[in-house]
Amino acid sequence: MNQSGFAGYHPFINFVYFAAVLLFSMFFMHPFMQVIALVSASVYSILLRGRGAVRFQLALMLPLLLITAFINPAFNHAGVTILFYLKSGNPVTLESVLYGISSACMFVAVLLWFSCYNAVMTSDKFIYLFGKLIPAMSLILSMVLRLVPRYKDQIKQISYAQRSIGKDVTQGNWLQRARNGMTILSVMTTWALENAIETADSMKSRGYGLPGRTSYSLYRFDNRDKGFMALMLSLVTVVIIGGINGENSMRFFPSIKAAEMTAFSIAVYAAYLGLCMLPIIQHMMEAIKWRSITSRM
Amino acid sequence: MEIYHVQDVSFTFPLQERKALQNIQLKVHDGEFIIIGGKSGSGKSTLLRQLKPILTPHGKREGEIVFRGKPIGELDQRTQASEIGFVLQNPDNSMVTDKAWHELAFGLESLGLDQQTIRIRVAEMASFFGIQTWFHKPVTELSGGQKQLLNLASIMTMHPSVLLLDEPTSQLDPIAAADFVETLRKINQELGTTIIMTEHRLEEVLPVSDRFIVMDEGRIVVDDQPRKVGEALRLMNHPMFTAMPSPMQIYAGVTPESPYPVTVKEGRQWLDRYMAEKPIVRIEAAQFDDEITAIPLAAEPAVRFKDVWFKYEKNGPNIIKDLSFEVSGGQFYCLVGGNGTGKTTALSLASGLYQPFRGKVYIGGKNIGSMNARELYNNNLAYLPQNPQHLFVKKTVGQDLFDMLTHSSLSKEKRADKVQAVSEFLELQPLLTMHPYDLSGGEQQRAALAKVLLLEPSILLLDEPTKGLDSFFKDKLASYLKQLNADGVTIIMVSHDIEFCAKYADVCAMFFNGSITTSGPAKTFFAGNSFYTTAANRMARHVWSHAVTIEDVIAQCRNNG
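Chains as they are written, first to last, in UniProt numbering: chain A, 1 to 297; chain B, 1 to 561.
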């Protein structure tokens, strides 16, 4: 269970945070905002997933970014600043190039945030949160998470058992293979239904179905969570106010127009930077504190 | 105080003539530890399920069951869930949620307790059972023993006053089973919880129990203290006596006096007293060796492993390390050893399911890697998986058997003859029209064996075939295997069941740390071990180190008597 850094906070905080940064990076197209989101998401995902994340970003995200950036101007010809004409006679405009780059950045930032979300929001956190809303749902999710690996394992075992009598999907011609595959699925279904009866017994015998079922969780909303929540919400509020005042938006077509830099807009960008960097800052502060504690020991 | 009072209870399943339970009279007092024994199908589980109404199968019940002074039918759901705990046989099936902690809390959630209470109870139980180290783990990562312990703990969190267990250790290896029984003893002794459990494996559990009830054909045959039950069964000449602990059987085979010993320790002490009066004739090992028939070595061994290494993942640990052994044709070869030592993996390698990454496996002199499925699995190798259910594909046992022959070139009559022959051999005729899943564990094992035998194998690979079987089915299985053996079929078996291997195998090998540490003819092999050996041998090894089976020890006692 990942309990260090930002992931150690209450699931509700994790969820609200990711909901906020995801929505913001989807809707705020201002270049500053985009750069902040992209850089923070990239740094955070590297922090969470290490070398794998670097490889992921270079091998998948970078090409994706370039392709999206190039595809847009090839199909979108709006905008007033014409750079040159394609062979088909369609113009390539500065606006569409920039819009392509901008939407590519947005797309990649969202994907990166999602990869961070996956690392932080483990299944039990998700179950816990939605269990609060729909209690039956949390149990179903938990059962599904129990059954999926179990069924996978069973399929493997059945397939091995069938292989040793020459009836696996890897044996025979394609027709036999298909038939064997169907047989394995049918064995699996029978097995699953048969064994589910016993699981139902186990649930009944432990009082499942009594009215007034509660949902237990290991999480507590402690003072640390409250502090973090307050900080996070105030930053979110500032960014939203900025958004309402149009500080975070950007117009691409027909001509480019970004919001002007004012003292207030700088404050909004700073708040957004703070928000996006929050897990990273938290992580670094923890590391520094840990070092100072161990040096004194 | 009286917990249960079962008054003249009979039970009939729907659409059946025969009564599954007949006139059961039973009183259970607070804090008792009761074991119910008997053959498969003797009504043990049916009786146990009568004691918790929500799990009682459909059918007609006569007589009355009183729980704490109230008819059991009047118990409401809530009391029933919390007061009467029920542990099922298969730990995997009884688990509902994906994490250990959630499983612990499941019953309490159902009862609608608040967060704080659940937190305290879960913490208490996790500490009592020593679960804290794997509290956060997904249940799929737990071992079989841990799973069953978790099941028990998740019921104990509800603070039941009675615990009912239906063959809880049948799916566990001997070490995990002993641990589980020890935990039950602790619950019984330290918390005073009443325990009623059905069980086949009596060696560990009888010494800690207060009462042993033997059932046969839906009736209670004997109900007394374990040592007295042994005596009574002996007097009745009841077949259940062969399921009793070895010291008891040896004692009864030698002297008719009472009281009967239950543990190896008591057996040893008795044997010392018994032998003190006799002139001791110590049999030297050499004399025993003469009795062991030399196994004829065929020119080419049926199965040969040569310097085999194996791992499941590229960067994973080596599971099989430099394993070399030979099994000659017509041998009954047993691989014994602890859990996770690689026994089953070795068997999978022999069956061609996996390929070694170093070294070679030869089947009848041919490299297994170069053989195709047809060569390998027709008239050659047959593998019986641990769970026989994985082989069944049709609605009835009969159809399932015919299914094995769909691709053969035989005529219809020939096929019918073959199926007829194999079902005669394994005594399956009455079961041919039944659904494979409706059979008992032992019957499923037999049906699965019939399926693989239809391929007419010359090498039979068995993965723990005695798991969860009662002693009668084991004897039956042994007789089939011996018969096949006599027909020239080579048998390689992986097992935890030391007593079974000692009694029937030709050669035993001990698996440890990915390869074979020692091997030898069964009797010499077990005689050479000090701990990893049969109960009979542990009891008598200080007098006759080569007496391995119950029959050996009895024969020695008689010779000296």
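Cβ coordinates follow ideal geometry from the N, Cα and C atoms, glycine included.
Keep in mind that this is a model prediction, so the values were computed, not measured.
Since I believe residue 507/B is in contact with residue 331/B (beta carbons under 8 Å), could you give me their beta-carbon distance rounded to a whole number of angstroms? 6 Å
Cα-Cα, which of 43/B, 127/B, 67/B is closest to residue 30/B? When only C-alpha atoms are compared, the closest one is 67/B.
Under 8 Å between C-beta atoms, does residue 101/B make it to chain A? yes
Cβ closer than 7 Å: which chain A residues qualify as neighbours of residue 106/B? Contact note: residue 106/B reaches chain A through 206, using a C-beta cutoff of 7 Å and chain order.
In chain B, which residues lie with their C-beta within 9 Å of the C-beta of residue 55/A? In chain order: nothing, as chain B lies at least about 17 Å away.
Report yes or no: is there a C-beta of chain A within less than 8 Å of the C-beta of residue 562/B? Look at the range of chain B in this structure, 1 to 561, and you will see that residue 562/B is not part of it.
Identify, in the order they occur along the chain, each residue of the same chain with its Cβ nearer than 7 Å to the Cβ of residue 361/B, setting aside the five sequence neighbours on each side. 305, 308, 349, 350, 368
What residue range is occupied by the uninterrupted alpha helix (DSSP H) comprising residue 226/A? 223-244
DSSP three-state assignment for residue 68/B, whether helix, strand or coil: coil
Examine chain A for any beta-carbon lying closer than 8 Å to the beta-carbon of residue 81/B, and answer yes or no. yes
Kindly identify the DSSP beta-bridge partner or partners of residue 362/B. 304/B, 367/B
Is it buried or exposed, residue 224/A, if we count other Cβ atoms within 10 angstroms and call 16 or more buried? Burial call: exposed.
To the nearest angstrom, how far is the alpha carbon of residue 12/A from that of residue 218/A? 13 Å
Residues near residue 18/B by beta carbon distance below 6 Å, same chain, minus five either side: none
Any C-beta of chain A sitting closer than 8 Å to the C-beta of residue 389/B? yes
Residues of chain B with CB closer than 7 Å to the CB of residue 195/A, please, in chain order. The contacting residues are 93.
Using a Cβ-Cβ cut-off of 8 Å (strictly less than) and excluding sequence neighbours within five positions of residue 102/A, which residues of its own chain qualify? 29, 31, 34, 250, 252
Closest Cβ-Cβ distance between residue 165/A and chain B: below 8 Å? yes
What I want to know is whether the C-beta of residue 485/B ends up closer than 7 Å to one or more non-hydrogen atoms of the ligand ADP. In the structure on display, the ligand ADP does not appear, and there are no ligands present to speak of.
Any residues in the stretch 59-80 of chain B with a beta carbon nearer than 7 Å to a beta carbon of chain A? Which ones, in chain order? 77, 78
Check the Cβ of residue 312/B against every Cβ in chain A and list those closer than 8 Å, keeping chain order. Result: empty, since nearest Cβ-Cβ is about 12 Å, beyond 8 Å.
At a Cβ threshold of 8 Å, is residue 271/A touching chain B? Residue 271/A has a beta carbon lying at 8 Å or more from every beta carbon in chain B.
Tell me whether the stretch 68-78 of chain A and the stretch 226-236 of chain A touch, counting them as touching only if at least three CB pairs, one residue from each stretch, are closer than 8 Å. no
Nearest-angstrom Cα distance between residue 134/A and residue 15/A? 17 Å
Helix, strand or coil at residue 300/A [DSSP, three-state]: With chain A covering 1 to 297 only, the question about residue 300/A has no answer from this structure.
Partner residues on chain B for residue 255/A, Cβ-Cβ distance less than 9 Å: In chain order: nothing, as chain B lies at least about 55 Å away.
Taking 8 Å as the CB-CB cut-off, is residue 203/A touching chain B? yes
For residue 286/B, does the count of other Cβ atoms within 10 angstroms reach 16, so buried, or fall short, so exposed? Low local confidence applies: a pLDDT of 46 at residue 286/B is under 50, so the model's placement there is unreliable, with the coordinate-based value given in what follows. When all chains shown are included, residue 286/B counts as exposed.
By DSSP, does residue 278/B sit in helix, in strand, or in coil? coil
Note down, in chain order, each residue of its chain lying with its Cβ closer than 8 Å to the Cβ of residue 505/B, except the 5 sequence neighbours on either side. 332, 333, 334, 493, 522
DSSP three-state assignment for residue 493/B, whether helix, strand or coil: Of the three classes helix, strand and coil, the one that applies to residue 493/B here is strand, per DSSP.
Collapsed DSSP secondary structure at residue 13/A in the structure displayed: Residue 13/A falls in the helix class under three-state DSSP.
Could you give the DSSP three-state label for residue 20/B: helix, strand or coil? coil
Relative to the C-alpha of residue 244/B, which residue among 472/B, 273/B, 375/B is closest? 472/B
DSSP on residue 327/B, reduced to helix/strand/coil? strand
Considering residue 64/A, what are the terminal residues of the beta strand (DSSP E) in which it resides? Segment 62-75 is the alpha helix (DSSP H) holding residue 64/A; no beta strand (DSSP E) there.
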